[in-house]
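Undergrad:
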Amino acid sequence: AQTVTQSQPEMSVQEAETVTLSCTYDTSENNYYLFWYKQPPSRQMILVIRQEAYKQQNATENRFSVNFQKAAKSFSLKISDSQLGDTAMYFCAFMKHDQGAQKLVFGQGTRLTINP
Amino acid sequence: DTGVSQNPRHKITKRGQNVTFRCDPISEHNRLYWYRQTLGQGPEFLTYFQNEAQLEKSRLLSDRFSAERPKGSFSTLEIQRTEQGDSAMYLCASSLGQGTQPQHFGDGTRLSIL
Numbered sequence: 002a003q004t005v006t007q008s009q010p011e012m013s014v015q016e017a018e019t020v021t022l023s024c025t026y027d028t029s030e031n032n033y034y035l036f037w038y039k040q041p042p043s044r045q046m047i048l049v050i051r052q053e054a055y056k057q058q059n060a061t062e063n064r065f066s067v068n069f070q071k072a073a074k075s076f077s078l079k080i081s082d083s084q085l086g087d088t089a090m091y092f093c094a095f096m097k098h099d100q101g102a103q104k105l106v107f108g109q110g111t112r113l114t115i116n117p
Numbered sequence: 003d004t005g006v007s008q009n010p011r012h013k014i015t016k017r018g019q020n021v022t023f024r025c026d027p028i029s030e031h032n033r034l035y036w037y038r039q040t041l042g043q044g045p046e047f048l049t050y051f052q053n054e055a056q057l058e059k060s061r062l063l064s065d066r067f068s069a070e071r072p073k074g075s076f077s078t079l080e081i082q083r084t085e086q087g088d089s090a091m092y093l094c095a096s097s098l099g100q101g102t103q104p105q106h107f108g109d110g111t112r113l114s115i116l
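In order, the protein sequence lines correspond to chains A and B.
Taking this note's numbering, the leading residue of the first sequence gets 2, the next gets one more, and so forth.
Taking this note's numbering, the leading residue of the second sequence gets 3, the next gets one more, and so forth.
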């Protein structure tokens, strides 16, 4: 079974600073996908960024980028030039490359607060 | 694209009652997922539909839980004889069936058991 661990329950930074959220995972699979989801207070979960395990290049989406270290089973999220609207719970998630259910396995989450 | 819609947003009920939640996925999405999220935790997978077929169920889905997707469109999740431990946010997500497409989540239904 796969497990995802986020070791930082809470983080807080000043607006415009850069922040890095950590995520490690455990799997025996070779082909899989990793995701970061954002869940703002009382709002729906939205996809921030995704990474295919077979790709060596780290994914980037505007101010969001990842540092994917496959051998170390590490998948951190960097948010540059943080904004007040980035305040949310952030979940790291794993998905097997599978023709079946493609269910997401989530970490416990990191509550990120961006202070003005 | 109106997004994934879940009803009701909140449900408060007494222990032992039955409750039913509804999820309307994005219209062209043939895959539908239910997850449960307890306070301070990440969502946990409950069950998955491809069209009307329920293809996988988690061990978390006890025999008091039943999910249906009768016409391959909307889905319902019913909990019978609710217990205190059923209090959680129930999330629905949908995705396209080709390749690995991202899952789009609804706002969830928050269940509180008195």
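C-beta: ideal position from N, C-alpha, C; glycine also.
#1: Mind pulling the beta strand (DSSP E) runs of 3 or more residues that sit fully within the region 79-115 of chain B?
#2: Going by CA-CA distance only, name the one from A/Met-12, A/Ser-23, A/Leu-35 and A/Gln-58 that's closest to A/Glu-48.
#3: Would you mind telling me which residues of chain B sit closer than 8 Å to A/Met-96, beta carbon to beta carbon, in chain order?
#4: Between B/Phe-23 and the rest of its own chain, which residues show a CB-CB distance below 6 Å, the 5 nearest in sequence each way excluded?
#5: Using alpha carbons as the reference points, say which of B/Ser-96, B/Ser-114, B/Ile-115 and B/Asp-109 lies closest to A/Leu-105.
#6: When the Cα atoms are used, what is the spatial distance from B/Leu-57 to A/Gln-84?
#7: Tell me whether A/Asp-87 sits in a helix, a strand or coil according to DSSP, three-state version.
#8: Closest Cβ-Cβ distance between A/Tyr-55 and chain E: below 9 Å?
#9: For chain B, is any of its Cβ atoms less than 9 Å away from the one on A/Gly-86?
#10: Counting only beta-carbon separations shorter than 9 Å, does B/Ser-97 have a partner in chain A?
#11: Taking C-beta to C-beta, are B/Gly-5 and B/Gly-108 nearer than 9 Å?
#12: Buried or exposed: B/Arg-33, going by 16 or more other Cβ atoms within 10 Å of its Cβ?
#13: Just the chain B side, please: which residues come within less than 7 Å of A/Arg-64 by C-beta, in chain order?
#14: Run the CB neighbour count on B/Gly-99, radius 10 Å, all protein chains shown included, and call it buried at 16 or more, exposed below.
#15: Measuring CB to CB, does A/Lys-79 end up less than 9 Å from A/Asn-68?
#16: Taking DSSP as the reference, what is the three-state secondary structure of A/Ser-29?
#17: Kindly indicate which three-state DSSP category A/Ala-94 falls into: helix, strand or coil?
#18: Just list the residues that DSSP pairs B/Thr-55 with in beta bridges.
#19: If you reduce the DSSP assignment to three classes, tell me which class A/Lys-79 lands in.
#20: Tell me the DSSP bridge mates of B/Cys-25?
TA: Taking the geometry as given:
#1: 90-97 and 111-115
#2: Along the first sequence, read from residue 1 onward, the residue named residue 48 of chain A stands at position 47. Checking the sequence shown, residue 48 of chain A turns out to be Leu, not Glu. If we check each option's Cα against that of A/Leu-48, A/Leu-35 comes out closest.
#3: Within the first sequence, the letter at position 95 stands for residue 96 of chain A. Those are Thr-102, listed as they occur along chain B.
#4: Residue numbering aside, residue 23 of chain B sits at position 21 when the second sequence is read from its first letter. Leu-79, Tyr-92 and Thr-111.
#5: Position 104 of the first sequence holds residue 105 of chain A. Looking at the Cα atoms, B/Ser-96 is the closest of the given residues.
#6: As a working note, residue 57 of chain B is residue 55 in the second sequence. As a working note, residue 84 of chain A is residue 83 in the first sequence. Approximately 41 Å between the Cα atoms of the pair.
#7: Translated into the one-based positions of the first sequence, residue 87 of chain A becomes position 86. A/Asp-87 falls in the helix class under three-state DSSP.
#8: Included in the structure are the protein chains A and B, with no chain E among them.
#9: Reading the first sequence from its first residue, position 85 is the one you call residue 86 of chain A. Not an interface residue.
#10: Along the second sequence, read from residue 1 onward, the residue named residue 97 of chain B stands at position 95. Yes, its Cβ sits closer than 9 Å to a Cβ of chain A.
#11: On the second sequence, residue 5 of chain B is found 3 positions in, with the first residue counted as 1. On the second sequence, residue 108 of chain B is found 106 positions in, with the first residue counted as 1. In contact: B/Gly-5 and B/Gly-108 (Cβ atoms closer than 9 Å).
#12: Taking the first residue of the second sequence as position 1, residue 33 of chain B is located at position 31. Buried, since its Cβ has 16 or more Cβ neighbours within 10 Å.
#13: Position 63 of the first sequence, counted from the first residue, corresponds to residue 64 of chain A. Neighbours of A/Arg-64 on chain B: none; closest Cβ ~19 Å, over 7 Å.
#14: Residue mapping note: residue 99 of chain B aligns to position 97 of the second sequence, counting from 1. Looking at its Cβ environment, which holds fewer than 16 other Cβ atoms inside 10 Å, B/Gly-99 is exposed.
#15: Along the first sequence, read from residue 1 onward, the residue named residue 79 of chain A stands at position 78. Along the first sequence, read from residue 1 onward, the residue named residue 68 of chain A stands at position 67. The answer is yes: Cβ separation under 9 Å.
#16: Translated into the one-based positions of the first sequence, residue 29 of chain A becomes position 28. It is coil, neither helix nor strand.
#17: As a position in the first sequence, residue 94 of chain A is number 93, starting the count at 1. Here A/Ala-94 sits in strand by DSSP.
#18: The residue you call residue 55 of chain B lines up with position 53 of the second sequence. Residue identity check: residue 55 of chain B is Ala in the sequence provided, not Thr. Per DSSP, B/Gln-52.
#19: For the purposes of this step, residue 79 of chain A is taken as the residue at position 78 of the first sequence. Strand.
#20: Indexing the second sequence from 1 puts residue 25 of chain B at position 23. In DSSP, B/Cys-25 forms a bridge with B/Gln-8 and B/Ser-77.
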